[in-house]
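Chains as they are written, first to last, in the working numbering: chain A, 3 to 200; chain B, 968 to 1556.
Spelled out as structure tokens, the structure:
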């Protein structure tokens, strides 16, 4: 968080269906629980059908705009590597990239490799953290879709997001439907264990 | 159902669209109609979930015009009414809106319209419905965040009640799909307080309120010579509403960033979500400029605007507390004003006109610094204000030469439309056939990977335009239209192909839902269909009744049969229709 302005700006990017809006809701609730001002922005409709999806979450003090300005993101959470790179205009050398080590191929065009994405991200910021979140979740929990929950939980445990893990946990319980709650709570616990190991 | 929480003073996080719903509930709304469309969909979807519980009548109508007409009927019958739609929906119902503004509302009526600058989900043209508001002279408010969405909706009902006129709330994508904490007030039970009859209390709990249509042809029949009197009455009403607008607190002058107060001769006038970018920009640039935020788009508070130009801080005693009224803030007369608005420069033109009366030397700038194409973003506004005030601001990251390949949206894996696509590819030489597109997920037929879409315009137009092309050329033509879109605006065009004899092949994609906007029910598949036992209207019966002789109802999973049907129908002398019937994969079984 930028101490001077007392705000935290976070962008979540990925492809449609990776749960960006759910993650946005969880983070907004967690920030709300901590008494912060909040603004978020998201897109609905056709853009969600497998295309690029980018959502903005801002919290702290004196938050007006729901959109983050160019270069002002504190954290860019990439659920897919190429999408993380696409969000580069929001980044500065101060930005942290927390990226799921996964490439979802785009049909009919030349895709970037993981190495190419990483090389480009490092041109902008030295703070690039690559986590094979989907693989870890698949291996430990048998489900890749919870990678996003894993990453926001991990980010909280590792102080990459200035929100307490207990707030994230409470927000998960509020936002996630009963049917999927157990899986998501396990994901949160997994992130807790992994964060203490590394 | 946190949205129904009845704890006044408490804050909950709401999406802009949900905040509009909450505002309507707090105003005591009784009748709600809509046709789903992004970015307005969640208004209807939320009412769909809660309507029965709160005793509000709700319907997904066949199209926006019908939705508004239903709303007009409810308003004429004395009910408090809300109608919601996306920008293009207002075009469809403009025919009904004009006369409604003349007759005025009986039950207070609010029409919510959501624009989509940058065409994220309203891809066919970048519309600003503010222009249409001016054409029909409907009072229009522009909220900028969820709290205002709620407050302005309530205010709109009050204005409608006071002046007996429908009031429009105009949002944009970044307002409708913005989340923020919203302070709650009491939900008013939708009992018909203001209607001139009483209901026993037992009838008003959980049950729908019935209004009463009281005959009053002088009021509800728009015909000459009365209609011209109505126009005069409307103009008189607007004058009164303008006086209301002058006093309204939703048009307010503030001083951005008080701690950096300067004797600025520069001011900013803005409205809607751009206001939030302005405040962000002033912080970023460490500037303190007087800002006039307009909540009313129409009618504008003209005197307030002129006062702002002449003396931009008249409200400082109310803005600052008593101990700080001594602050040295003596701006007398602005030299220049930047108008920060998205899309067309409506405010800029009006303010230029008003400035001429108030202060001939004022420079009014707007579109020379603020783009007219695409939505505004905080850095665009910051950059414009920096230029306008000679302040330094530079974005550095343009120096990185980075490109990621474009990722187009695509049909979901398992979508039944894939099967239609593959059958078409096998049935015809796609270079030899003209393909018409319409509004729905099958617009994705136009993406590079599929590339079978040669024209695309508005709801239902695939058939209307197909008729014209068939009349004008000798080319083969196939059009695609979804079931919800067919009910919305396809049927008159289909009748025209029969009436005026042309022979396109029309493929109706019958996935039994309004998939693209979020799986809302439509006349062919009402909510709960088929489990509800309530039959939807059968498209094949409609098509036959329109006089179409060549008709097949197929499941595209049977590829061979589908391919043969396409080949056969493409050579017919009369119009042909294939109903491709297979449900969307997201329909809950």
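We put the beta carbon where it would ideally sit given N, CA and C, even for glycine.
Extent of the continuous alpha helix (DSSP H) to which residue i belongs
| i | result |
| --- | --- |
| residue 990 of chain B | 983 to 994 |
| residue 1244 of chain B | 1240 to 1251 |
| residue 90 of chain A | Where residue 90 of chain A is concerned, there is no enclosing alpha helix (DSSP H), given that its DSSP letter is neither H nor E. |
| residue 1536 of chain B | 1526 to 1536 |
| residue 1153 of chain B | Residue 1153 of chain B -> no alpha helix (DSSP H), and no H or E assigned at all. |
Residue environment, residue i, which counts as buried when at least 16 other CB atoms sit within 10 Å
| i | result |
| --- | --- |
| residue 976 of chain B | exposed |
| residue 34 of chain A | buried |
| residue 168 of chain A | exposed |
| residue 1257 of chain B | buried |
| residue 1357 of chain B | exposed |
| residue 1367 of chain B | exposed |
| residue 1472 of chain B | buried |
| residue 1152 of chain B | buried |
| residue 1428 of chain B | buried |
| residue 1180 of chain B | exposed |
| residue 1102 of chain B | exposed |
| residue 1026 of chain B | buried |
| residue 67 of chain A | buried |
| residue 135 of chain A | buried |
Cβ shell of residue i (< 8 Å), same chain only, five flanking positions each side left out
| i | result |
| --- | --- |
| residue 1329 of chain B | 1276, 1301, 1302, 1303, 1304, 1322 |
| residue 124 of chain A | 130 |
| residue 1339 of chain B | 1310, 1311, 1312 |
| residue 1381 of chain B | 1552 |
| residue 1350 of chain B | 1360, 1362 |
Close-in-space but distant-in-sequence residues of the same chain around residue i (CB under 7 Å, 5 per side omitted)
| i | result |
| --- | --- |
| residue 1111 of chain B | 1142, 1239, 1240, 1242, 1243 |
| residue 142 of chain A | 192 |
| residue 1390 of chain B | 1523, 1526, 1529, 1530, 1533 |
| residue 1266 of chain B | 1106, 1205, 1208, 1209, 1212 |
| residue 1465 of chain B | 1513, 1514, 1515, 1542 |
| residue 1454 of chain B | 1029, 1489, 1490, 1491 |
| residue 145 of chain A | 139, 185 |
| residue 1072 of chain B | 1042, 1127, 1131, 1132, 1133 |
| residue 188 of chain A | 143 |
| residue 1085 of chain B | 1341, 1342 |
Where residue i sits in the DSSP three-state scheme
| i | result |
| --- | --- |
| residue 60 of chain A | strand |
| residue 1257 of chain B | strand |
| residue 1426 of chain B | coil |
| residue 1494 of chain B | coil |
| residue 1090 of chain B | coil |
| residue 123 of chain A | helix |
| residue 1552 of chain B | coil |
| residue 133 of chain A | strand |
| residue 1129 of chain B | helix |
| residue 146 of chain A | coil |
| residue 156 of chain A | helix |
| residue 1024 of chain B | strand |
| residue 167 of chain A | helix |
| residue 1212 of chain B | helix |
| residue 71 of chain A | coil |
| residue 39 of chain A | strand |
Contact set for residue i: own chain, Cβ-Cβ below 6 Å, skip 5 residues either direction
| i | result |
| --- | --- |
| residue 1217 of chain B | 1262 |
| residue 981 of chain B | 1113, 1149 |
| residue 1420 of chain B | 1402, 1404, 1412, 1413 |
| residue 1408 of chain B | 1482, 1483 |
| residue 156 of chain A | 193, 197 |
| residue 1592 of chain B | In the structure as shown, chain B starts at 968 and stops at 1556, and residue 1592 of chain B therefore has no counterpart that could be examined. |
| residue 23 of chain A | 44 |
| residue 41 of chain A | 60, 65, 68 |
Boundaries (first-last residue) of the beta strand (DSSP E) holding residue i
| i | result |
| --- | --- |
| residue 1137 of chain B | 1134 to 1139 |
| residue 1543 of chain B | 1543 to 1548 |
| residue 909 of chain B | Absent from the structure is residue 909 of chain B, since the part of chain B shown begins at 968 and ends at 1556. |
| residue 1265 of chain B | 1263 to 1265 |
| residue 1486 of chain B | Run containing residue 1486 of chain B: none; DSSP gives neither H nor E here. |
| residue 1277 of chain B | Counting along the chain, residue 1277 of chain B falls outside any beta strand (DSSP E), though it belongs to the alpha helix (DSSP H) covering 1269 to 1277. |
| residue 1189 of chain B | Element bounds for residue 1189 of chain B: n/a, residue is neither H nor E. |
| residue 1510 of chain B | Unbroken run through residue 1510 of chain B is the alpha helix (DSSP H), 1506 to 1512; no beta strand (DSSP E). |
| residue 1465 of chain B | Premise fails: residue 1465 of chain B lies in the alpha helix (DSSP H), 1458 to 1466, not in any beta strand (DSSP E). |
Residue i beta carbon near the ligand FMN (any heavy atom closer than 7 Å)
| i | result |
| --- | --- |
| residue 133 of chain A | Inclusion of the ligand FMN in the displayed structure is not the case, the ligand content being empty and no account of it being possible. |
Legend entry - In chain order, each beta strand (DSSP E) run of at least 3 residues that lies wholly inside the segment 1302 to 1384 of chain B: 1303 to 1307, 1330 to 1332
Inset, instruction - Could you pull out every unbroken beta strand (DSSP E) segment of at least 3 residues lying fully inside the segment 1036 to 1119 of chain B, listed in chain order? - result: 1048 to 1053, 1076 to 1082
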